[in-house]
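This report refers to the structure that appears directly beneath it.
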């Protein structure tokens, strides 16, 4: 039972747990049996709950960073979330995403590379850039926003990374997965739009064939999510579908 | 003219009695159902919130199941002579703090004097901070080892695997959870032919016809994974091969449960987020499990229609044992010029051949399929409220007539002039795990045996024990 529809949860939880025999709920729970409200047992906290980036991220350094063993790009400049009022994720149509990303944008220059720690203004929000290496193949933006003590749900997060390619590589595809919607640009050109209420699935969508230039290439991304765990993963696939790993990733 | 009348009446009758493509009938309204379990001849499934559904035959469902504890998305497994019922305590709390509990009962029948749940035992928790939400349990008893495994979790982080003690239902001492999947929920495990299969639900729920729920699968040689899909993608990367997705007006299937009835006959219990034929309500669904190239995929509830009934044994078709009527043939010589206009040759019509047929019972046989009227069978839901796990009984009549296939007390098959609704004229149709079908009469008169339609020799249909390992027991429905 997917808990993405957070707005429903307090109501459903209240009804279910209080055992009220409301007939309208039979669509969810046929033939409500005798209800015993069993309180949760004491559940000890199992790990570090402090708001710290170091649990899931490493603050990015100037040291060279390659994609991981499967080609996933783990180093990103991540902007603090733009707060959005999003009730459900299936509103993320193509039109909605393009409008939202055009409106709540920090820069219309899609080759711009912000500086680590730089503040930018989106609407009336002042937001800070963080240069991070994810410890996982994916970048879990829920962890990011929890770590910096910002809203975890109803967010739009901008992303930038710079990859150096030792040679021109033609016919690559940018492959991404996200929760829930996202858009991706390579060197200022739109590469991929993932609309709808998606789960973060590796290679969930791929771009048309692209060319990675020799030297510096700039990826811009935007991920938007309402209820649930915002998340994404990105890599390049070569013309045979194998991950491109001979790259260097930096944030400057 | 007569043929048209007969056909028209048959069609009208079929339309009147046809049930739309509903998942199950009665009041099958449930969300997050447990794997359907059989107990003392009845079927049970429990859902979110408490309570559950009961069915006498597996087709018509009504409320009445009793599961205390509230919470969400239970599962059930029979171990020995007891049932282990597992559920999530919270129903998915907004703070992702939850617990999985297990409890035993000797019976699932709330009217039984043996009906009494044991005290629930906590076997897994989520503290609200870790990358897991302790709900949506699915349980499997490993047939190779006797070890009891449980997966749980939702889109909030990872799906986890733990081991339970099959004697106590408690967490096995010293066991630590293992992450096996990400961004999915309602998982469960299946073992088959050396592979462990992890089935899980992706997409979103609880939004009626807008829900995108679907069930996917990955597999591993080890219970702890990694579970890879058909393109080699790990379920820890979101991978998964589709098992069942929206079909027609049945939208958003999720919460897979695996049911093995006998060798070659497997079903899945699921729920659809919305059944448009039933007001868009969330309903129980039961579908055949078909194994294709080592992967499970949902078969289909039998679709009414007119078919060749093809014996898998040789590929001949079931037919009425009547004289073969030749079609006119215009001889052509070799080297004859092909410059005259080509005119279609009309198919042989029922009215042109049936007038010579006997009026009473007529035997059936299996023969070369020639698309002739005596070889085409119309199969519709019988005007009968009973069924079996996942389907109604069907009537099988010669297309364009009311002549019905029937079982005899001698364990043979023939046709009777008119369908009367007698139980020996009602047929159960199960899609088998290899995608072919088993056809069984509801009853064999004066016999308590459960027999299936089989090919005895290439040309002789009869009734006999079903044997999945023999093509004699299998049939296909060809919609030419």
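Chains as they are written, first to last, in the UniProt record's numbering: chain A, 1 to 252; chain B, 1 to 480. C-beta: ideal position from N, C-alpha, C; glycine also. As the structure is a prediction and not an experimental result, all values here were calculated from the model.
Against chain A, with Cβ distances strictly below 8 Å, would residue i count as a contact?
i	result
residue 57/B	no
residue 122/B	yes
residue 168/B	no
residue 156/B	yes
residue 237/B	yes
residue 175/B	no
residue 210/B	yes
residue 160/B	no
residue 233/B	yes
Quick one: using the 10 Å Cβ neighbour count with 16 as the cut-off for buried, is residue i buried or exposed?
i	result
residue 33/A	Note that residue 33/A scores a pLDDT of 41, beneath 50, so its modelled location is shaky and nothing firm can be said.
residue 194/A	buried
residue 77/B	buried
residue 324/B	exposed
residue 73/B	buried
residue 93/A	exposed
residue 208/A	exposed
residue 327/B	exposed
residue 119/B	exposed
residue 24/B	buried
residue 143/B	exposed
residue 244/A	buried
residue 28/A	Legend: pLDDT at residue 28/A = 37, less than 50; position of this residue unreliable, no value from coordinates given.
residue 99/A	exposed
residue 449/B	exposed
Residues of chain B with CB under 7 Å from residue i, in chain order?
i	result
residue 147/A	Neighbours of residue 147/A on chain B: none; closest Cβ ~12 Å, over 7 Å.
residue 45/A	127 and 129
residue 40/A	89, 90, 97 and 99
residue 49/A	129
Using a cut-off of 8 Å between C-beta atoms, extract the partners of residue i located in chain A.
i	result
residue 81/B	Those within 8 Å of residue 81/B in chain A number zero; the least Cβ separation is about 23 Å.
residue 485/B	In the structure as shown, chain B begins at 1 and stops at 480. Residue 485/B is therefore absent and cannot be evaluated.
Strictly under 8 Å for the Cβ-Cβ distance: is residue i near chain B by that measure?
i	result
residue 250/A	no
residue 156/A	no
residue 235/A	no
residue 238/A	no
residue 27/A	Low per-residue confidence applies at residue 27/A: pLDDT is 35, beneath 50, and the placement is therefore not dependable enough to give any value.
Who are the near neighbours of residue i in its chain, counting only those whose CB is closer than 6 Å to its CB and skipping five residues on each side?
i	result
residue 310/B	317, 476 and 478
residue 178/B	161 and 224
residue 175/B	162 and 163
residue 208/B	274 and 280
residue 157/B	131 and 132
residue 30/A	Unreliable placement is indicated for residue 30/A, whose pLDDT of 41 sits below 50; the coordinate value is still reported in the next sentence. Cβ neighbours of residue 30/A beyond the five flanking positions: none.
residue 137/B	75, 86, 100, 150 and 152
residue 27/B	62
For residue i, I'd like the list of residues in its chain whose CB is within less than 7 Å of its CB, leaving aside the five on either flank, ordered along the chain.
i	result
residue 412/B	462 and 463
residue 178/A	194, 198, 200, 223, 231 and 232
residue 202/A	177 and 233
residue 183/B	155 and 238
residue 419/B	395, 397, 402, 404 and 425
Could you tell me which chain B residues have their CB closer than 8 Å to the CB of residue i, listed as they occur along the chain?
i	result
residue 90/A	204, 207, 210 and 212
residue 106/A	In chain order: nothing, as chain B lies at least about 28 Å away.
residue 137/A	237
Suppose the cutoff is 8 Å on Cβ atoms and the five residues either side in sequence are ignored; what does the same chain contact list for residue i look like?
i	result
residue 90/A	196 and 197
residue 194/B	221
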